[in-house]
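This report concerns only the one structure given below.
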Amino acid sequence: MPTSDLEYTSFLIRLWREPPNAGEPQAAGREWLVQVEHIPDGKKEYFSSLEDLFAFIRAQLPGVPVGEEAGGQGSMGAEEQRGG
1030 MPTSDLEYTS FLIRLWREPP NAGEPQAAGR EWLVQVEHIP DGKKEYFSSL EDLFAFIRAQ
1090 LPGVPVGEEA GGQGSMGAEE QRGG
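Converting from the sequence shown to my numbering requires adding 1029 to each position, the first position being numbered 1.
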């Protein structure tokens, strides 16, 4: 496919967990936090759930219905996208 036909966008996603409080077990009550930056416009958002992260990304993609689930009809796995 010629690159002029290629439509894409870019995101930078950072995930982290805050260190536990003194005396707390390592994994006790620590949730993952997410920062996503939409590279073309520099918009940054913060989330505490993957569902909210995916909703934000879907909203940035033209032509993708908001209710469409990942892995639905028409989606390709990484191998298929690479042509393998």
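Don't be surprised by glycine CBs; every beta carbon is placed ideally from N, CA and C.
{"Item": "Among Asp1034, Leu1041, Glu1080 and Ala1084, the one whose alpha carbon lies nearest that of Gly1071", "Value": "Leu1041"}
{"Item": "Alpha-carbon to alpha-carbon, Gly1052 and Ser1039", "Value": "40 Å"}
{"Item": "Check whether Leu1082 and Val1063 have beta carbons under 9 Å apart", "Value": "yes"}
{"Item": "Pro1049 to Arg1059 span [Cα, whole Å]", "Value": "7 Å"}
{"Item": "Cut-off 6 Å between Cβ atoms - residues of its own chain near Glu1066, not counting five sequence neighbours on either side", "Value": "Leu1041 and Lys1073"}
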